[in-house]
Every structure is written in C-alpha cells, then in structure tokens.
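Down below is the structure, laid out as structure tokens.
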Amino acid sequence: MVDVKDPPKPHRRNWALRVFVVLFFALILAFLGWSCWVYVQIEDYAGLDQASPSDAIGVLGAAEYDGQPSPVFRARLDHARELYNRGIAPLIIVLGGTGGDKYSEGAVGRDYLVSLGIHESAIIAETHSRNTEEQAHRLAIIARANGLRRLVVVSDGTHLFRIHEICAADGLDVLTSPRTRVSFGGGAAETERLAHEILSYTGWRLHLHLP
Numbered sequence: 001m002v003d004v005k006d007p008p009k010p011h012r013r014n015w016a017l018r019v020f021v022v023l024f025f026a027l028i029l030a031f032l033g034w035s036c037w038v039y040v041q042i043e044d045y046a047g048l049d050q051a052s053p054s055d056a057i058g059v060l061g062a063a064e065y066d067g068q069p070s071p072v073f074r075a076r077l078d079h080a081r082e083l084y085n086r087g088i089a090p091l092i093i094v095l096g097g098t099g100g101d102k103y104s105e106g107a108v109g110r111d112y113l114v115s116l117g118i119h120e121s122a123i124i125a126e127t128h129s130r131n132t133e134e135q136a137h138r139l140a141i142i143a144r145a146n147g148l149r150r151l152v153v154v155s156d157g158t159h160l161f162r163i164h165e166i167c168a169a170d171g172l173d174v175l176t177s178p179r180t181r182v183s184f185g186g187g188a189a190e191t192e193r194l195a196h197e198i199l200s201y202t203g204w205r206l207h208l209h210l211p
C-alpha cells in the first residue's frame, strides 16, 4: 500500500513567502543604508584637501592615449606638480601599468612631469599595476622600500575614500588631495562615477577585487 502524503498546507506556503519577502526588502534596505554611508564618506573626502608636508606624493594613474596623458590623468599630474612646487614633498610616485597598451601610465606620467621641469630623480614610476587596488598595494611596497612614512595621494575626489581605505589596510599613513575637477558628461557621468565607487568599495570590503 502506497503512503500518500498530504500536500503542503496553504498557510505554510504563505508563511514561507512572507518570510522571503521580508528578508528581500530587509536586504534592500540594508544595502541602501550602506550605500548612503559610503556616499557620505566619498563626498567628505572629495571636498577635503588634506595635503601637508609629507615624504612623497602618490599619483593614481588614469588613461593615456598613445603616450600622452588623458585630460583626467593630466589634471592629476598637474595637481601633483603644484603640491611638489609648494614643498609638500620632495618625491612624486606615479602609478599605473600598461593595460594592454605599449605605454604604461606610470611612464607616461613621469615623462609628462619631466616635461614640466621636475627632475627625473624626484620621480618614481610604477609600471605594473592594473587597477586601483594594485596601485595602492604597490604604493605601499614602494613606500616601505624607500622608508617613506607619510604620503599625500592625488586622484579624483570621488576616488579618494576608497584609495585611503585600501592604503590604510596596507598600513600606510596617507593624506588625500583631490585634483582639480575636469567635467565630462555632466551630472549623469558624476552619478555613474559615484555608483562605480560605491560598488567598487563594497566589492573590496567583500574581497571581490573589483577595478
């Protein structure tokens, strides 16, 4: 004789559905709360220039076009030169690998700074990193190898909170200094950059190694 089980009672199915819906919306609210907190941190760092006397200035790489820095990269390098000329630090470290191109961001940045009159001996070009996390890690390696205790990091304002946190996790004492804004794409582009930073920082905290 076959034992026929009673079908699940409707109220049990409804209870499971309610639990799922509650958990789903709880996760959404938690992510929104987290995103708001990260957004506030990003905006705080973007609006604050912490530059003060340090051992070196680190410049995060950005796109280069056939050996020439992109407008965004050039703005970062120009800001680093300004800090150098103000006596903030005697050394500039330019970071960034090739990204599949024949030119590395680090080398392009070094050559650009030399063309502005900064002596090559005052510049270190890092030419192997492929993303923000690798740049921060290699900056830490260079700092330790050269006995550099405090650094000023230059990048886009929206980029600086994530960079600061990664550098701090590597044991670096870093100050942040946002480059002069170069506007591209208006508000939509700014929103996209903020969303990218929120997701990238979240991914880093979750050890997902996003760019």
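Per our numbering, the very first residue in the sequence shown carries number 1; after that it's consecutive.
Beta carbons are placed, not taken as given, at the ideal position from N, Cα and C, and that holds for glycine.
Since the model is a prediction, treat every value here as computed from it, not as a measurement.
Quiz item: What residue range is occupied by the uninterrupted beta strand (DSSP E) comprising S177?
Solution: D173 to P178
Self-check item: Limits of the unbroken alpha helix (DSSP H) element including G109
Solution: E105 to S115
Self-check item: Simplified DSSP assignment, three categories, for R144
Solution: Shown here, R144 sits in a helix according to DSSP, grouped into three states.
Quiz item: If you count every other CB in all the chains shown that lies within 10 Å of the CB of R86, and 16 or more means buried, which is it?
Solution: When all chains shown are included, R86 counts as exposed.
Quiz item: Looking at C-alpha atoms only, which residue of S121, L139, S155 and A189 is the closest neighbour of V72?
Solution: S155
Self-check item: As assigned by DSSP and simplified to three states, the class of G100
Solution: coil
Quiz prompt | Same chain only: Cβ atoms within 8 Å of H164, ignoring 5 sequence neighbours per side | solution = Y45, V153, V174 and T176
Quiz item: Does the distance from the CB of R18 to the CB of R179 come in under 8 Å?
Solution: no
Exercise. Find out if the Cβ-Cβ distance for the pair T158, I42 is shorter than 8 Å.
Key: yes
Quiz item: Is the CB-CB distance between G99 and R130 below 8 Å?
Solution: yes
Practice problem: Look at G147 and A125 and say whether their C-beta atoms are less than 8 Å apart. | Solution: no
Self-check item: Rounded C-alpha distance that separates V51 from G117
Solution: Going by the sequence as given, residue 51 is Ala instead of Val. So the alpha carbons of these two residues sit roughly 21 Å apart.
Quiz prompt | Span of the alpha helix (DSSP H), counted from its first residue to its last, around A75 | solution = P71 to N85
Quiz item: Applying the criterion that 16 or more other CB atoms from any shown protein chain within 10 Å of the CB defines a buried residue, is R205 buried or exposed?
Solution: exposed
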